[in-house]
Each structure stands twice: as C-alpha cells, then as structure tokens.
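Enquirer:
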Ligand code: HEC
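Numbering (the numbering used here), first residue to last: 27 to 141.
(1) Would you identify the three-state DSSP class for residue 136, choosing helix, strand or coil?
(2) Could you tell me the alpha carbon to alpha carbon distance between residue 62 and residue 56, rounded to whole angstroms?
(3) Taking residue 90 and residue 136 to be in contact with their CB atoms under 8 Å, please state how far apart those CB atoms are, rounded to whole angstroms.
(4) Name all residues in chain order for which at least one heavy atom of the ligand HEC lies closer than 6 Å to the residue's CB.
(5) Using the Cα positions of residue 64 and residue 112, report the straight-line distance between them to the nearest angstrom.
(6) Quick one: is residue 118 buried, meaning 16 or more other Cβ sit within 10 Å of its Cβ, or exposed?
(7) Under three-state DSSP, which class holds residue 128?
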C-alpha cells in the first residue's frame, strides 16, 4: 500500500519534470500554413492534456523527438492504451486530437531557442 503511494507520487513528479515547450503565437503562425484549423488555444490545451495523460506509464517524450508522421500513428495507439489502463475513456477523441495538434505544432515549428 505504502509502495503504491510512493509509485503514484513518483509518477506525478516525472509527469511534471520535463520542461514541455509552451506553444506561442509564432508557432501557430507557422503551423497554419499546413494545418489551417490549428488554434493557439487548442494547441495549448493539447499541451496540458499531453502532460496529464501521457506521462503515467513512461516519461513524457519530447515533442520534437518524433516526426509528424510518427505522432499521427502513435497518438491514437497511446490514447487507446491510456483508456485501457484507466478502464474508461479518459482520453476522448477530441482530447487525442488536441494532443496530436500540440505535438505536431512543436515538432514542425519548434526553434532551437524555443522556451
Ligand atoms: C498505459 C500506459 C501508457 C500510456 C498511458 C501511454 N503510453 Fe506511450 N508507451 C507505452 C508503452 C508500454 C510503450 C513502449 C512499447 C510500445 O511502443 O508499445 C510506449 C511508447 C511510447 C512512445 C515511443 C514509441 C516508439 O516507437 O518509439 C511514444 C512516443 C509514446 N509512448 C507516446 C505516448 C503518448 C503521446 C501518450 C498519451 C496519449 C502515451 N504514450 C501514453 C505505454 C503508455
């Protein structure tokens, strides 16, 4: 029981530790050239959902570590995994879509200085 609490706590910590890049207006200005439907508010929400749902089994992966094509296939698979683990739909199709928007925005537009 005690061990379970420690594991949960460590999981929470690891979910917060990586400095996930915050999308900015300039990222959106670039990404809309390819994805006109992306908005800053959706992409920011996607970042929150990503941190919330995707760091419970493994550390959060850096958005720039995978290409757009890779994220396109991985996010639906991982969303299913998250829902299976929870025993219910915690990552809705809309949430999954916003997570994907965040990851694609960052991997296609992140600059080396992007904080
Ligand atoms: C239920 C546990 C679980 C959750 C929740 C989870 N993952 Fe994973 N993830 C795994 C496992 C297990 C692997 C390694 C084996 C594999 O690739 O299936 C993995 C691997 C990955 C990889 C590496 C794949 C590769 O080919 O290098 C990425 C990227 C990833 N996850 C992203 C995500 C994202 C995005 C989310 C949130 C939508 C997420 N994960 C949520 C279990 C999970």
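Ideal Cβ placement from N, Cα and C applies to all residues, glycine included.
Expert: This is what the structure holds:
(1) coil
(2) So the alpha carbons of these two residues sit roughly 10 Å apart.
(3) Indeed, because the Cβ distance is near 5 Å, the residues count as touching under 8 Å.
(4) Having a Cβ closer than 6 Å to some heavy atom of the ligand HEC are 79, 80, 82, 83, 84, 87, 92, 100, 101, 104, 105, 107, 108, 111, 117 and 125.
(5) 29 Å
(6) exposed
(7) Of the three classes helix, strand and coil, the one that applies to residue 128 here is helix, per DSSP.
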